[in-house]
Amino acid sequence: MPTSHQITCAGEDCPEWSIRTAVYGTHPEWLAAEHRELLAADGWVDVEGRDYCPDCKPAA
Ligand SMILES: [Zn+2]
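End of the sequence shown sits at 61 in the numbering used here; the numbers just go up one at a time, nothing left out.
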């Protein structure tokens, strides 16, 4: 079974989510870190442990 990591937007009523899978044996924490890096490049942000897509990004 492959390792996978899913991130769902914490925005209200927002259907945005992203999942990334890796071959068996990939360390889950490593995969999560890589996933967050890729999402950050797309404009996602992590606010107090909750992830928001570019559309729901809270105003700074
Ligand atoms: Zn969203």
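Ideal Cβ placement from N, Cα and C applies to all residues, glycine included.
| Asked | Found |
| --- | --- |
| Ala42, enclosing alpha helix (DSSP H) - first and last residue | 29 to 42 |
| Counterpart residues of Ala23 in DSSP-defined beta bridges | Thr4 |
| Buried or exposed (CB count within 10 angstroms, at least 16 for buried), Ile1 | In this structure the chain extends from 2 to 61, so residue 1 is not present and cannot be described. |
| Asp56 versus Thr9: straight-line alpha-carbon distance, rounded | 13 Å |
| Distance cut-off 7 Å: Glu17 Cβ against heavy atoms of ligand 1 | yes |
| First through last residue of the beta strand (DSSP E) which encompasses Asp14 | Segment: none, Asp14 is in no beta strand (DSSP E) and carries neither H nor E. |
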